[in-house]
Amino acid sequence: MAEVRFIEVDAEEAGQRLDNFLLKHLRKAPRPLIYRIVRKGEVRVNKGRAQVSQRLKAGDVVRVPPVKLPDSAEQVRPPVAQLPRIEQAILFEDDDLIVINKPPGMAVHGGSGVSWGLIELVRNARPLAKRVELVHRLDRDTSGAIILAKKMSVLRDLHQQVRDHQVTKVYWALVKGQWPKARTKVEQPLRKFTLPSGERRVEVHPEGKPSLSYVRVLADLAQASLLEVNLATGRTHQIRVHCAANDHPIAGDDKYGDADFDRWQRQQGMTSLALHARLVSFKHPKTGEQMTLTAPLYPDFDKLLMGQRINQKDVV
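Residue numbers for the sequence shown follow our numbering, so the first one is 115 and each next one is one higher.
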């Protein structure tokens with residue numbers, strides 16, 4: 115029977131999330147199993163309880179328990195038919211990183227009932243890349259620009275840029291009604307909570323974490339407003355909750371949305387969440403060049419705007 119292992123984090127692994135570290139050292143272990151053993155306290159970092167999202171430091175000692183892998187826990191291989199979809203969505207790629215216009219409805223990684231996601235697709239499409247890791251995340255239903263690093267040194271550099279607020283992420287959101295043009299800032303604390311059903315949600319709450327969104331109206335539609343949102347903080351569901359809490363929910367939001375508004379959206383031919391990571395800007399870790407990449411809208415979002423006589427190329 116396998117024994118408990120104590121693994122010291124080296125300099126190359128420093129800055130990595132605990133779940134990604136465990137996926138490397140517990141090969142073929144499905145992500146839900148990783149989450150479960152961390153949640154149960156079987157994984158320890160420096161003898162203390164750990165969180166899957168915590169970043170490891172060089173010299174940390176991780177307790178890795180023996181695990182029994184289910185018979186089906188083979189290496190996940192996404193459908194080959196999905197690979198061209200990713201190739202067509204590449205906004206930028208070199209030997210260090212890749213920026214992709216993530217399709218709506220695609221999870222960033224497998225787990226919680228999802229067998230594969232964006233990261234598995236990219237790893238499958240780029241087998242020669244030593245390491246491919248997510249620099250940041252997008253909700254499954256949110257489309258748009260997302261950065262992936264191909265080297266740990268690049269990942270660490272970009273994570274530091276995120277912590278130093280040097281990475282700019284700009285979103286487009288289609289919201290119900292006419293957003294007041296004078297309301298250019300939403301500063302409301304956000305807190306996670308769990309419904310009796312077990313579903314996780316986020317709400318505005320005085321005991322929540324400070325959360326700040328900057329908002330600009332790009333266009334007024336008959337039933338809606340097209341907003342540009344720049345995040346000063348990056349809380350879970352921040353844009354969705356900030357919009358809904360101000361009585362302007364995002365179209366197609368199955369957690370915080372409005373049924374009548376969603377019906378209008380479907381009549382325009384769009385069923386997905388109308389939230390798109392339009393632009394990402396950062397300094398290239400190797401060349402020092404300032405990279406600014408714009409992600410075109412996917413067809414259903416673009417078609418809705420065109421039906422309202424709004425061309426995304428003309429919006430500034």
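No residue lacks a Cβ here, since even glycine has one placed at the ideal position from N, Cα and C.
Span of the beta strand (DSSP E) around residue i
i    : result
L341 : 338 to 345
Y328 : 326 to 334
I260 : 257 to 263
Q381 : No beta strand (DSSP E) contains Q381, which is instead part of the alpha helix (DSSP H) from 373 to 381.
E122 : 119 to 122
I204 : 204 to 207
R177 : 175 to 178
T385 : First-last for T385: undefined, no H or E at that position.
M405 : 404 to 408
Reduced DSSP category for residue i - H, G, I as helix; E, B as strand; rest coil
i    : result
R277 : helix
L252 : coil
G397 : Strictly speaking, residue 397 in this sequence is Lys, with Gly absent from that position. Residue state, collapsed to three classes: strand.
W293 : coil
R150 : helix
R169 : strand
E247 : strand
R349 : coil
I364 : strand
V159 : strand
I233 : helix
H356 : helix
K427 : helix
V222 : coil
For residue i, the residue or residues it bridges with in DSSP
i    : result
T308 : R314
L242 : Answer is none; L242 lacks a bridge partner.
K299 : Y328
V268 : In DSSP, V268 forms no bridge with anything.
W286 : E342, H390
K182 : Note: K182 sits in no beta bridge, so no partner.
Environment of residue i [buried if 16+ CB atoms lie within 10 Å]
i    : result
E126 : exposed
P193 : exposed
D368 : exposed
F120 : exposed
T401 : exposed
V343 : buried
A287 : buried
V118 : exposed
P310 : exposed
E313 : exposed
A172 : exposed
R237 : buried
R297 : exposed
T406 : exposed
A391 : buried
P320 : exposed
F135 : buried
H432 : No statement about residue 432 is possible, as the shown extent of the chain runs from 115 to 430 and does not include it.
N425 : exposed
Segment limits, alpha helix (DSSP H) that includes residue i
i    : result
K138 : 132 to 139
L419 : 413 to 421
V213 : From DSSP, V213 is part of no alpha helix (DSSP H) but of the beta strand (DSSP E) over 211 to 216.
P320 : Element bounds for P320: n/a, residue is neither H nor E.
I200 : 197 to 201
Residue i CB to nearest heavy atom of the ligand COA below 8 angstroms
i    : result
L341 : Only the bare structure without any ligand can be found here, which leaves the ligand COA out of the picture.
Proximity test, Cβ basis, 9 angstroms: residue i and chain B
i    : result
Y149 : In the structure shown, chain B does not exist; there is a single protein chain.
Any 3 or more C-beta pairs closer than 8 angstroms across the stretch 166 to 183 and the stretch 193 to 205: No contact exists between the stretch 166 to 183 and the stretch 193 to 205.
message: Quick test of the definition: if touching needs 3 or more C-beta pairs under 8 angstroms, does the stretch 256 to 271 touch the stretch 125 to 140?
response: In short, these stretches touch, since the Cβ pair count reaches three.
query: For the 8 angstroms Cβ check, are there 3 or more pairs between the stretch 244 to 260 and the stretch 295 to 311?
result: Taking 8 angstroms as the limit for Cβ pairs, the verdict is that the stretch 295 to 311 does not touch the stretch 244 to 260.
query: Taking three-plus beta-carbon pairs below 8 angstroms as touching, is the stretch 411 to 424 in contact with the stretch 383 to 400?
result: Judged by Cβ distances under 8 angstroms, the stretch 411 to 424 makes contact with the stretch 383 to 400, as three or more pairs qualify.
message: I want to know whether the stretch 202 to 218 touches the stretch 257 to 265 - three or more CB-CB distances under 8 angstroms.
response: Yes, since at least three Cβ pairs between the stretch 202 to 218 and the stretch 257 to 265 fall closer than 8 angstroms, the two stretches touch.
field: Inter-stretch contact (C-beta, 8 angstroms, three-pair minimum) for the stretch 319 to 326 and the stretch 341 to 358
entry: Touching, per the Cβ criterion.
field: Any 3 or more C-beta pairs closer than 8 angstroms across the stretch 392 to 408 and the stretch 356 to 375
entry: Not touching, per the Cβ criterion.
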